[in-house]
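The structure appears right after this line, and notes come after that.
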């Protein structure tokens, strides 16, 4: 038995199909079938019940799968340690970003890091804070950007940005001439918000409720530029972080004074998952870059 036997077994279970698993692994179906047969012969058990139309694990298969996943994770950690010993000559970092933030500084940091470590690759995944936290906890992402607060029992974190949330309206809106407004002034407005995957939405709704009303939500989007465009088309009003309120925008941004709304962004990484040396180095590099930016 070698690690590939177990990895192929895991993939067949994931896809619930020898054919789809083989396609995913870029091998032939007879090859993967033979590997699983060899594994069954070596263990002396049947791993799959092949008598049904749909592939299903046997009792023994479920036990083997549980241990195979542990072995595969340990093997992955071993590979990661070897990467460390190679002095960052290679590596891969998975980072989650909410698409509703102004992430213009990210490409600059990534570019400079790439100059120093040209063989380290990046996977950037766009999702809301809730999904990012879940993915970091499940080892699908190494690092994520989320809106604080976060679960400090599960995640390490460091904050890097805090800014106001502003009201955006069409220039012809009655409130467009105001320099600042109270949140209660919006109780009769139609809101365009980010969707339920985004903590910003929860922050806005809870703040409105604290001001004595539940916002009437006319529609939702995960894209801040689309939200802005819908405001310009007079579909409703919205609230966006100050960094997304561009001076040259076709909509008017207005300060909210009562209560003032702010959000705080942070990088998170799991306390329970192994963090590769490449990811650790990127965090260190990013902290230093952001410190220089603020100084």
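In this note's numbering, the protein residues as written are 1175 to 1469.
Positions of the beta carbon are idealized from the N, C-alpha and C atoms, including for glycine.
Being a predicted model, the structure only gives us computed values, none of them experimental.
When 1314, 1230, 1363 and 1362 are compared, the shortest CA-CA separation from residue 1301 is found for 1314. In this structure, the alpha-carbon of residue 1235 lies about 6 Å from that of residue 1222.
In the three-state reduction of the DSSP assignment, residue 1275 falls in the coil class, being assigned neither a helical nor a strand state. Note on the stretch 1341 to 1411: whole alpha helix (DSSP H) runs with a minimum of 4 residues are 1373 to 1384 and 1398 to 1406, in chain order. The count of Cβ pairs closer than 8 Å, one atom from the stretch 1318 to 1325 and one from the stretch 1394 to 1404, stays below three, leaving the stretches out of contact.
Excluding its 5 nearest sequence neighbours in each direction, residue 1192 has C-beta neighbours in its own chain below 7 Å: 1186, 1203, 1206 and 1207, listed in chain order.
Shown here, residue 1463 sits in a helix according to DSSP, grouped into three states. Under the Cβ criterion (8 Å, minimum of three pairs), the stretch 1282 to 1295 counts as touching the stretch 1444 to 1459.
The continuous beta strand (DSSP E) containing residue 1444 extends over residues 1436 to 1444. When C-beta atoms of the stretch 1326 to 1333 are compared with those of the stretch 1271 to 1288, fewer than three pairs fall below 8 Å, so the two segments do not count as touching. Contact annotation, residue 1366 with residue 1430: C-beta distance approximately 16 Å; criterion of less than 8 Å not satisfied.
Bounds of any alpha helix (DSSP H) do not take in residue 1228, whose DSSP letter is neither H nor E. Bounds of the alpha helix (DSSP H) holding residue 1305 are 1303 to 1311.
DSSP places residue 1201 outside both helix and strand once states are collapsed to three, so it counts as coil.
Exposure of residue 1346 is indicated by the presence of fewer than 16 other C-beta atoms within 10 angstroms of its C-beta. Between the alpha carbons of residue 1256 and residue 1438 lies a distance of about 36 Å. Each of 1281, 1263 and 1262 was checked against the Cα of residue 1271, and the nearest Cα belongs to 1281.
Residue 1426 and residue 1433 have their alpha carbons spaced roughly 19 Å apart. When only Cα atoms are considered, residue 1372 and residue 1423 end up about 23 Å apart.
Judged by DSSP secondary structure, residue 1263 falls outside any beta strand (DSSP E); it is assigned neither H nor E.
Per DSSP, the unbroken alpha helix (DSSP H) holding residue 1181 starts and ends at 1177 to 1189.
For residue 1450, no beta strand (DSSP E) run applies, since DSSP gives it neither H nor E. Per DSSP, the continuous beta strand (DSSP E) segment holding residue 1299 begins and ends at 1294 to 1300.
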